[in-house]
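See below for the structure under consideration.
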Amino acid sequence: MGSKYPPSLRVCLPWWALALEAAFILVFFFYTSYDTSSKNQKTLMETYRGFQDVTVMAALGMSFLASSLRRYSWSGVAFSLFLLVLGVQWALLVDGFLENVSTGKVVITLLRYRDLATMSAVSVLISLGAILGKANLLQLLVMVPLEVTAFSTMRMVNRRFLNIDDHSNMMHIYVFSAYFGLTVAYCLSRGLPSGIQEKDRTATSPSLFAMLGTLFLWTFWPSFNCALLNDPNERKNAVFNTYYALAVSTVTATSVSAWAHPQGKINMTHIHNAVLAGGVAVGASCHLISSPWLAMVLGFVAGLISSAGAECLPVCFNQVLGVHDTCGVYYTFSLPGLLGGITYIVLLTLQISWTKNSMTGYQVLYSEALRMAVASNALCLVFSLVSGFLTGLFLNLKIWKRPHITKYFDDQAFWKFPHLAVGF
Amino acid sequence: MGSKYPPSLRVCLPWWALALEAAFILVFFFYTSYDTSSKNQKTLMETYRGFQDVTVMAALGMSFLASSLRRYSWSGVAFSLFLLVLGVQWALLVDGFLENVSTGKVVITLLRYRDLATMSAVSVLISLGAILGKANLLQLLVMVPLEVTAFSTMRMVNRRFLNIDDHSNMMHIYVFSAYFGLTVAYCLSRGLPSGIQEKDRTATSPSLFAMLGTLFLWTFWPSFNCALLNDPNERKNAVFNTYYALAVSTVTATSVSAWAHPQGKINMTHIHNAVLAGGVAVGASCHLISSPWLAMVLGFVAGLISSAGAECLPVCFNQVLGVHDTCGVYYTFSLPGLLGGITYIVLLTLQISWTKNSMTGYQVLYSEALRMAVASNALCLVFSLVSGFLTGLFLNLKIWKRPHITKYFDDQAFWKFPHLAVGF
Amino acid sequence: MGSKYPPSLRVCLPWWALALEAAFILVFFFYTSYDTSSKNQKTLMETYRGFQDVTVMAALGMSFLASSLRRYSWSGVAFSLFLLVLGVQWALLVDGFLENVSTGKVVITLLRYRDLATMSAVSVLISLGAILGKANLLQLLVMVPLEVTAFSTMRMVNRRFLNIDDHSNMMHIYVFSAYFGLTVAYCLSRGLPSGIQEKDRTATSPSLFAMLGTLFLWTFWPSFNCALLNDPNERKNAVFNTYYALAVSTVTATSVSAWAHPQGKINMTHIHNAVLAGGVAVGASCHLISSPWLAMVLGFVAGLISSAGAECLPVCFNQVLGVHDTCGVYYTFSLPGLLGGITYIVLLTLQISWTKNSMTGYQVLYSEALRMAVASNALCLVFSLVSGFLTGLFLNLKIWKRPHITKYFDDQAFWKFPHLAVGF
């Protein structure tokens, strides 16, 4: 068992993590306090419920979704939790500072930031899917503040200059995180040797754990999509539309996966991801859609492109672009996310043409909203690609001592096993 | 790996599924709209919580409960989700049409139908337990609309002609689904060769996944039993009684399972199912029982007959009746469900005798309710047997190309495995 | 497969369990009734939500946390559930009797006792961690009433004579259960032969199931710590502080675990437990802490001592004290629990010194509270050690026919396996 494992993790990781944590505590000490405004218990406990759902998605759903690799399931679960908690703390601070940048003293009202912070931290977990197994924990640790800062800055720009509300802003998370993760994966990419490909597979038990993650996400996705909406009617629409879109994308993804295989066999890896495409696609416009069929059509198209992408894209990505997308982030989040953005813009355009002959005031309003939506989507793409590229270059530095290619997708490099790795 | 697998799935399934989904979208387009009546947010979000619990039970609980077979755990989980989402959409439409059959235009108010639809779809998942591993996905796909329609029609008849309320009506789900599933399994049954029996077994990891499903169901069962009750006091009773019945049936089932084995060893498969018997038995009368001991006695008896059934019935069923009940639906749902129906009738009879010397009005009322309850239970049995038999005959047609008997309980027929099946 | 297994379980367990259950039903019949006071539905359903979270933690979290042993995962999960339901019923009765001991007739208002009873039963599950795999189910069955009674008596004494409120009282659960379990483990301890040590290990899948339990506990711990608080502001503080403490202890535990290994490899077993240390440590004072940084410092220290303890203590415990602590109860619950008790006392002392120059009334009040807190912590320690010792001696009697040492940590002694034990 002579270790080829570089000593980076041993030397650096604990100190970096503990130093970062100590810094967090100091900053929290000086700059934060709990919101003591007089909210009554009802509101608090209701907020708590919604927040709990988002935490369940992040901690249980995303963690287990990342456990699908045969020899990398421990890392998938435990690293996700590690990055989540760091991301939440960082997001809380960054969001607070960006919000209160004008005033001298920064007071972070925590009640509101809970949802925002947890959801921002989820962006790291989405990006993680693209580089899972190809970076060490220290690289991931460094990625957390970089990605969360980029995401928060983008949302701040959107809010300040494009007047985008919290919900629409947050729904950029899918596209942003996916392209960020893919760009980082591109920068980190090397040709994978043929032997290593076998590790990038799933097996029966890890697949069921990943299915558990998928089902957690599937069940609680409506809570995620409605978390930042305040209007009761919009919340209701968001919950129902997300549910319908998810239902239809489940059927579509399963069917297309069976259809694509010459013997009609379904690919479990596609199911894990494509099933969720509906929830991603409907995100941006879930509060606007007012009849179930539209959400269902969205879910149908999302399931279709997601499954089709899962079938065709990996080959193309690996060989042409040289990007290795471990957990299929591209077809799970990017494509449906883009579809969602386009749908939102189309819906606004339709509303403009419908109001053409009626009140001019509304039309101006909608045209303005349309311009802003287009701009914010473009901004999101640019931000994610640029920040992802810079982060990727930074993570490629030798000082991080990235794992050797033979250690890719292997828990043994990071975990103390009872004897040796015991099968799977 | 020369495939003995018939091409039915490849040729038909995706087209059928996609066509069905397209049909759903069309019907939703023409006939449904969201309920826009002015419910305030409090009510909505509370409904959402209750609905979320039911979804957790259906998606996480029932799916993982079906993952117990050693070589069939992927199918168990993923097919359950697939059938669930189809069932929900179909149930939503069928319930809406049956409710509004008199008016010309059908408007489906969705808020109320959410619980009903998800719960109706659960009936398919219960029946699935009896035929799991012995039918292909296309047959299951065809079973969904047939079973949901039969179940909804039965409830409509009960509501219209027997004046049964929503809760009592829904609580027929256990008996209905179990007998439906068993009858279908009877129609599909062939003698299983001895080699195949080994696949119809569990192993360590699949068993823990099934236990996960059991625990999800166990934890959220009170929400299922109280979902359709409106009176706060009845809700409270339902929650508490379900909880007590489940607690006692857990103790009883474990004890009886140890007692039945010559060396006192407990059978994990019995635990998975018999633990839940209390929740089934208490369903029909959970809102009426006003002291915990009665619920506990019910749980005790339910655990007893369920464990005893699990010990004795499979042999009898397999050899005498020729029914192969994969997941033990008979002793999990049928027997405790019948016990629940009988308890409900006994409780009504007792209330009649108690009110004998008091006001005559109440007595007449109770006598009427008793007659209706007896009739609706009988109707439920007849409906389930007849519709199950017809469905079973229909599914037995050659056009569905049911899997060859050597492919029973085998994921490989349906799933693309990384290499081959990797152990378990 | 000649059985070395003693016939105790077969002969005694089912009868004992069924007799106990029958006794429960009788006592419930004579002494209990549902609370029929006019609470409105809102309150009930909100209580139900909080209760549901605690049940999820107990049934899903604690059960799966106990599934980490390679050959003992079935027993870990199923025995936990068995003990939980017995514990809840017993706790309900004991709490009721101790509360209403003065009046002649005992009326148990159930609404309030739900949380108390489930949380008391959790104490058994915590203690179970120390003796898991080394006692048969009959011994565990006997331990339930003994431990729950001791815990309830301690809380009654605290409430009566030391005027401690429900929340602070319940937060003794961590220290009490851990020392109780460890003392029982000490009484049951024998030198483990070297071969058996290998069974006391984890493997990939069981480890992921344990991680699932950890994540359930991690996600719902805020609900546990705030369950018995009534003031909205205290609830809010409890939720937030628990969340921050857990986040920081996650980072710390992971880092320290990597730091302690010569090659920087993380120990999964430490992660399972040390991650939760923050929630334990913050328990006693979570409603008092008014800024996040303090909770974070607590989480930091808790993660530190918990991980350090996980690294160093097992060797010391095994060889010096002769205590074998299967699931690391000592470093998961004892040490952070003690830290929490000390923090509570320090916080009160600080408040005394801060109010020194202000109103005297407050100072007297705080001094009184401080005295009571010190006394109740001491009482908790003494109670747990004494009752644990007596219980341990009692469980050591020959009549219980404890498993032979070669059967430690082995599911085969208790479970009927399909063929034989199938790998893991």
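Chains as they are written, first to last, in the UniProt record's numbering: chain R, 1 to 424; chain B, 1 to 424; chain E, 1 to 424.
Just so you know, even glycine gets a beta-carbon here, dropped at the ideal spot from N, CA and C.
On a predicted model such as this, the values are computed, not experimentally measured, just so you know.
Counting only Cβ pairs nearer than 8 Å, list the residues of chain R close to residue i.
i	result
residue 219(E)	52, 55, 56, 59 and 60
residue 441(B)	Nothing can be reported for residue 441(B): it is not among the residues displayed for chain B, which extend from 1 to 424.
residue 81(B)	215, 218, 250 and 275
Tell me where the alpha helix (DSSP H) around residue i begins and ends.
i	result
residue 327(R)	That residue, residue 327(R), is in no alpha helix (DSSP H); it is neither H nor E in DSSP.
residue 272(E)	268–274
residue 254(E)	232–260
residue 203(R)	No alpha helix (DSSP H) holds residue 203(R); DSSP gives it neither H nor E.
residue 168(R)	166–170
residue 177(R)	173–188
residue 89(E)	73–99
residue 354(B)	335–354
residue 161(R)	137–161
residue 279(R)	277–281
Would you list the one or two residues that DSSP bridges to residue i?
i	result
residue 293(R)	Looking at the DSSP assignment, residue 293(R) forms no beta bridge with any residue, so it has no partner.
residue 415(R)	266(E)
Taking CB distances under 8 Å as the criterion, tell me whether residue i reaches chain E.
i	result
residue 264(B)	yes
residue 139(R)	no
residue 14(R)	yes
residue 32(R)	yes
residue 318(B)	no
residue 354(B)	no
residue 291(B)	yes
residue 277(B)	no
Is it buried or exposed, residue i, if we count other Cβ atoms within 10 angstroms and call 16 or more buried?
i	result
residue 414(B)	buried
residue 235(B)	buried
residue 368(R)	exposed
residue 212(B)	buried
residue 238(B)	buried
residue 95(B)	buried
residue 160(B)	exposed
residue 272(B)	buried
residue 319(R)	exposed
residue 305(B)	buried
residue 407(E)	buried
residue 190(E)	exposed
residue 241(R)	buried
Report the neighbours of residue i on chain B: residues whose CB is nearer than 8 Å to its CB, in chain order.
i	result
residue 271(R)	78
residue 205(E)	204, 205 and 208
For residue i, return the contacting residues in chain R, with the cut-off set at a CB-CB distance below 7 Å.
i	result
residue 48(B)	239
residue 88(B)	247
For residue i, go through chain E and note every residue whose CB falls closer than 8 Å to its CB, in chain order.
i	result
residue 300(B)	21, 22 and 25
Determine, using beta carbons only, whether residue i comes closer than 8 Å to chain R.
i	result
residue 404(E)	no
residue 261(E)	yes
residue 74(B)	yes
Spell out whether any CB of chain B is found under 8 Å from the CB atom of residue i.
i	result
residue 414(E)	yes
residue 252(R)	yes
residue 2(E)	Caution applies to residue 2(E), whose pLDDT of 41 falls short of 50 and renders its modelled position unreliable; the model cannot decide the point.
residue 424(E)	With a pLDDT of 35 at residue 424(E), under the threshold of 50, the predicted position of this residue should be treated as unreliable, though the coordinate-derived value follows. Chain B, which has a Cβ nearer than 8 Å to the Cβ of residue 424(E), makes this yes.
residue 17(E)	yes
Taking C-beta pairs closer than 9 Å, name the residues in chain B that residue i reaches, listed in chain order.
i	result
residue 339(R)	Here the premise fails: no neighbours, minimum Cβ distance about 16 Å.
List, in chain order, every chain B residue whose beta-carbon is nearer than 7 Å to that of residue i.
i	result
residue 28(E)	292, 293 and 296
Is the CB of residue i under 8 Å away from at least one CB in chain A?
i	result
residue 280(E)	Checking the listed chains, one finds no chain A in this structure; the protein chains it contains are R, B and E.
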